[in-house]
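Asks:
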Amino acid sequence: MIALALALFLKQIPFFAQLEEFSVSRLFQLTRNYENVRDPESGALYCQTPDARARAAQSQSQNAEEQDAQLAELRDQGQAVSVIQSAFPVVPVPPGIRDDIEIIGITTADINEVNFQWPLDQRVYAAIIDRMVPSENSLLLFDINFIDIKGIFGGSGCGVEFNCQPIGGRELRGQTDILSESIRNSPHPILADYPIEVSVAQRESERNYEGRLAVLNERGRIRHVRNGGYATTWVHLPIGPVVPIAETLDNMGAANVFIDPVINVNRRIPIVIRVRNRERMNELDYDPNVDDSFYPGIAFATALSYYGVDLAEDVEVDFLNGYVKIKNIPERSFQRLDWNAGGMVDVDIMARPNPERTVTIPIDNQGLMNINFRGGLYCFP
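Count along the sequence shown starting at 1, add 1, and that's the number in this note's numbering.
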């Protein structure tokens with residue numbers, strides 16, 4: 002009780018909250034921020050702007066040719082080489098940061114290439130999925146809310162509100178249909194996120210909300226929850242992906258972030274988000290563990306797909322004891338290219354394998370986990 006009272010005391014008084022923020026920020030700058038640090042072997046900056054990375058790739062064309070030759074030799078030996086390995090230049094990453102994650106951003110140059118048409122034609126996203134097919138052990142997450150049915154590109158109502166006639170024998174298909182087909186046919190897990198709104202007012206304006214919620218609750222809700230009544234709620238209305246997309250995704254999670262109201266910094270990430278069942282919460286037999294909905298954050302949903310476990314069966318949440326447990330992680334490894342080893346090496350899918358094949362994540366009563374952040378600006382390629 003003394004520790005709890007002290008924690009509340011420190012949080013409620015701005016001076017102490019700011020002092021804590023200064024201490025945490027200073028500690029990060031000293032131990033985790035690699036923004037101006039160079040790789041000891043290559044001498045290159047760990048964290049480079051995209052333009053600097055592009056210039057480095059051009060200036061190292063000879064090294065790139067050597068790497069291509071090594072990749073070709075590995076292919077000739079029958080070893081798997083991913084699209085990521087062959088398409089992107091090898092750049093150093095700071096210690097503690099995974100080098101098998103690629104962030105594909107949309108830049109002003111990309112928008113210029115499509116004649117400033119925004120939102121993008123969803124066939125672009127479908128093409129990315131199709132291109133990733135040869136890449137073994139890959140997982141693709143779209144940080145995009147697919148919450149609207151998209152008709153034929155060029156006219157939002159075409160194919161949705163009225164019929165259209167094709168020109169020159171072209172196939173007329175809605176963007177949502179094309180994208181959902183690519184997701185369905187992909188051999189790899191495909192994920193997307195969705196918002197959970199703080200107000201229920203938007204419910205009436207969402208098309209087919211009940212149908213979308215039914216699919217979300219069937220495929221994207223955590224089932225094994227203990228002491229759910231101890232979880233605080235800060236959002237109220239999940240806006241799931243449209244049904245054709247939601248039915249084909251491997252997994253989906255909430256895109257919400259939680260900004261600390263005192264320091265205005267995002268230092269925690271949602272692992273589990275509780276949404277109260279407003280229709281049942283005043284009933285005598287109301288059980289938060291069963292009647293309320295508990296949704297994974299998108300980062301947590303991505304981890305589940307990476308491990309290859311089932312959201313409904315292999316996740317256990319206990320809000321009183323403050324943990325989320327991932328269970329039944331399969332004993333599986335994958336091959337990754339290790340230049341120092343001179344070839345492919347086997348790597349367990351767990352960073353710290355254990356006999357129980359479980360991972361336990363500490364959370365608070367809001368379902369948030371502290372971010373073990375590393376890096377800095379431009380530290381992630």
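All C-beta atoms, glycine included, are put in the ideal place defined by N, C-alpha and C.
A quick note: this is a predicted structure, and the numbers were derived from the prediction, not measured.
My parser needs the alpha helix (DSSP H) runs of 4 or more residues fully inside the stretch 195-274; what are they?
Replies: If we require 4 residues or more, the alpha helix (DSSP H) runs fully inside the stretch 195-274 come out as 210-220, 244-247.
Asks: Going by DSSP, which residues form a beta bridge with GLY376?
Replies: The residue labelled residue 376 in the question sits at position 375 within the sequence shown. GLY376 pairs with ASN34.
Asks: Could you work out which residue in ASP319, SER183, ASP144 is closest to TYR231 when comparing CA atoms only?
Replies: Within the sequence shown, the letter at position 230 stands for residue 231. Minimum Cα distance to TYR231 is reached at ASP319.
Asks: Have a look at ASP40 and CYS48 and give me their C-alpha separation to the nearest angstrom.
Replies: In the sequence shown, counting from the first residue as 1, residue 40 sits at position 39. In the sequence shown, counting from the first residue as 1, residue 48 sits at position 47. Taking the straight line from one Cα to the other gives about 10 Å.
Asks: Should the stretch 347-363 be regarded as contacting the stretch 248-267, the criterion being three or more beta carbon pairs within less than 8 Å?
Replies: At 8 Å Cβ cutoff, the stretches do not touch.
Asks: For the beta strand (DSSP E) that LEU285 lies in, which residues bound it at each end?
Replies: Against the sequence shown, residue 285 aligns to sequence position 284. Careful: LEU285 lies outside any beta strand (DSSP E) and carries neither H nor E.
Asks: Compare the Cα-Cα distances from GLY323 to each of GLN176, GLY368, GLY221, VAL266 and report the closest residue.
Replies: Along the sequence shown, read from residue 1 onward, the residue named residue 323 stands at position 322. The residue with the shortest Cα to Cα distance from GLY323 is GLY368.
Asks: Could you give the residue range of the alpha helix (DSSP H) that holds TYR47?
Replies: In the sequence shown, counting from the first residue as 1, residue 47 sits at position 46. Note, TYR47: premise wrong, no alpha helix (DSSP H); not H, not E.
Asks: Are at least three pairs of beta-carbons, each pair with one atom in the stretch 327-339 and one in the stretch 299-318, less than 8 Å apart?
Replies: Short answer: they touch.
Asks: Rounded to whole angstroms, what's the CA-CA distance from TRP235 to ASN265? Just pull it up for me.
Replies: Position 234 of the sequence shown holds residue 235. Position 264 of the sequence shown holds residue 265. TRP235 and ASN265: Cα-Cα distance of roughly 16 Å.
Asks: How is the beta strand (DSSP E) around PHE371 delimited, first residue to last?
Replies: Looking up residue 371 in the sequence shown gives position 370. For the record, residue 371 in the displayed sequence is Asn; it is not Phe. Element bounds for ASN371: 369-371.
Asks: The alpha helix (DSSP H) that contains LEU180, what's its start and end?
Replies: The residue you call residue 180 lines up with position 179 of the sequence shown. First-last of the alpha helix (DSSP H) with LEU180: 176-186.
Asks: Do the stretch 239-247 and the stretch 200-219 touch if we need at least three Cβ pairs shorter than 8 Å?
Replies: The answer is yes - the stretch 200-219 touches the stretch 239-247, with three or more Cβ pairs under 8 Å.
Asks: For the beta strand (DSSP E) containing ASN146, list its first residue and its last residue.
Replies: What you label residue 146 is simply residue 145 of the sequence shown in a count that begins at 1. Start and end: 141-146.
Asks: Around the C-beta of PHE23, are 16 or more other C-beta atoms found within 10 angstroms, so that it is buried, or is it exposed?
Replies: Taking the sequence shown and counting its residues from 1, one reaches residue 23 at position 22. The residue is exposed, with fewer than 16 neighbouring Cβ atoms inside 10 Å.
Asks: Does LEU46 pass the burial test, meaning 16 or more other C-beta atoms within 10 Å, or should it be called exposed?
Replies: Position 45 of the sequence shown, counting from 1, holds the residue named residue 46. The residue in question, LEU46, is buried, as its Cβ has 16 or more Cβ neighbours within 10 Å.
Asks: Measuring alpha carbon to alpha carbon, tell me which of LEU173, ARG174, VAL325, ASN186 ends up nearest ILE130.
Replies: Within the sequence shown, the letter at position 129 stands for residue 130. Comparing Cα positions, the closest option is ASN186.
Asks: Taking the alpha-carbon of HIS225 as reference, which of SER139, GLY343, ASP288, ASN373 has the nearest alpha-carbon?
Replies: On the sequence shown, position 224 is the one that residue 225 refers to. Taking only the C-alpha atoms, the option nearest HIS225 is ASP288.
Asks: Compare the Cα-Cα distances from ILE145 to each of ASN209, VAL276, ALA256 and report the closest residue.
Replies: Locating residue 145 in the sequence shown gives position 144, where the first residue counts as 1. The candidate whose alpha carbon is nearest that of ILE145 is ALA256.
Asks: Look at the alpha carbon of LEU140 and the alpha carbon of HIS189, and state the distance between them as a whole number of angstroms.
Replies: To locate residue 140, count along the sequence shown from 1; it is residue 139. To locate residue 189, count along the sequence shown from 1; it is residue 188. Approximately 6 Å between the Cα atoms of the pair.
Asks: Pull up the distance between the alpha-carbon of ILE394 and that of ASN164, whole angstroms please.
Replies: With the chain covering only 2 through 382, there is no way to say anything about residue 394.
Asks: Taking 6 Å as the limit between beta carbons, can you name the residues of its chain near ASN37, skipping five residues before and five after?
Replies: For the purposes of this step, residue 37 is taken as the residue at position 36 of the sequence shown. None.
Asks: Rounded to the nearest angstrom, what separates ARG281 and ASN228 at their Cα positions?
Replies: Your numbering for residue 281 matches position 280 in the sequence shown. Your numbering for residue 228 matches position 227 in the sequence shown. Rounded to the nearest angstrom, the two C-alpha atoms are 17 Å apart.
Asks: Does DSSP put PRO135 in a helix, in a strand, or in coil?
Replies: What you label residue 135 is simply residue 134 of the sequence shown in a count that begins at 1. In the structure shown, PRO135 sits in coil (DSSP, three-state: anything other than H, G, I, E or B).
Asks: Return helix, strand or coil for ALA53, following the three-state DSSP convention.
Replies: Numbered from its first residue, the sequence shown carries residue 53 at position 52. In the structure shown, ALA53 sits in a helix (DSSP, three-state: H, G or I).
Asks: Counting along the chain, where does the beta strand (DSSP E) carrying GLU317 start and finish?
Replies: In the sequence shown, residue 317 corresponds to position 316, counting from 1. Element bounds for GLU317: 316-319.
Asks: Let me check one thing: in DSSP terms, what residues is ALA193 bridge-paired to?
Replies: The count along the sequence shown starts at 1 and reaches residue 193 at position 192. Paired residue(s): PHE143, MET253.
Asks: With a threshold of 8 Å on Cβ separation, who are the neighbours of ASP178 within its own chain once the five nearest residues in sequence on each side are excluded?
Replies: Numbered from 1 along the sequence shown, position 177 holds the residue referred to as residue 178. Cβ neighbours of ASP178 beyond the five flanking positions: PRO245.
Asks: Compare the Cα-Cα distances from ASP292 to each of ASN366, ARG275, LEU338, ALA247 and report the closest residue.
Replies: For the purposes of this step, residue 292 is taken as the residue at position 291 of the sequence shown. Comparing Cα-Cα distances from ASP292 to each of ASN366, ARG275, LEU338, ALA247, the minimum goes to ARG275.
Asks: With H, G and I counted as helix, E and B as strand and the rest as coil, what does DSSP make of ILE98?
Replies: As a position in the sequence shown, residue 98 is number 97, starting the count at 1. In the structure shown, ILE98 sits in coil (DSSP, three-state: anything other than H, G, I, E or B).
Asks: Which value, in whole angstroms, describes the spacing of the CA atoms of VAL115 and ILE260?
Replies: Here residue 115 refers to the residue found at position 114 of the sequence shown. Here residue 260 refers to the residue found at position 259 of the sequence shown. In a straight line, the C-alpha of VAL115 is about 34 Å away from that of ILE260.
Asks: In this structure, does DSSP put ALA327 in helix, strand or coil?
Replies: Locating residue 327 in the sequence shown gives position 326, counting from the first residue. Just to set this straight, residue 327 is Ile in the shown sequence, not Ala. Strand at ILE327.
Asks: Taking DSSP as the reference, what is the three-state secondary structure of PRO363?
Replies: As a working mapping, residue 363 is identified with position 362 in the sequence shown. PRO363 falls in the strand class under three-state DSSP.
Asks: Please state the DSSP three-state secondary structure of LEU305.
Replies: For the purposes of this step, residue 305 is identified with residue 304 of the sequence shown, where counting begins at 1. In this structure, LEU305 counts as helix in the three-state DSSP scheme.
Asks: Would you say PHE143 and ASP101 are within 9 Å of each other, going by their C-beta atoms?
Replies: As a working mapping, residue 143 is identified with position 142 in the sequence shown. As a working mapping, residue 101 is identified with position 100 in the sequence shown. No.
Asks: Going by alpha carbons, who is nearest to ARG358 out of GLU137, SER334, ASN366?
Replies: On the sequence shown, residue 358 is found 357 positions in, with the first residue counted as 1. Comparing Cα positions, the closest option is SER334.
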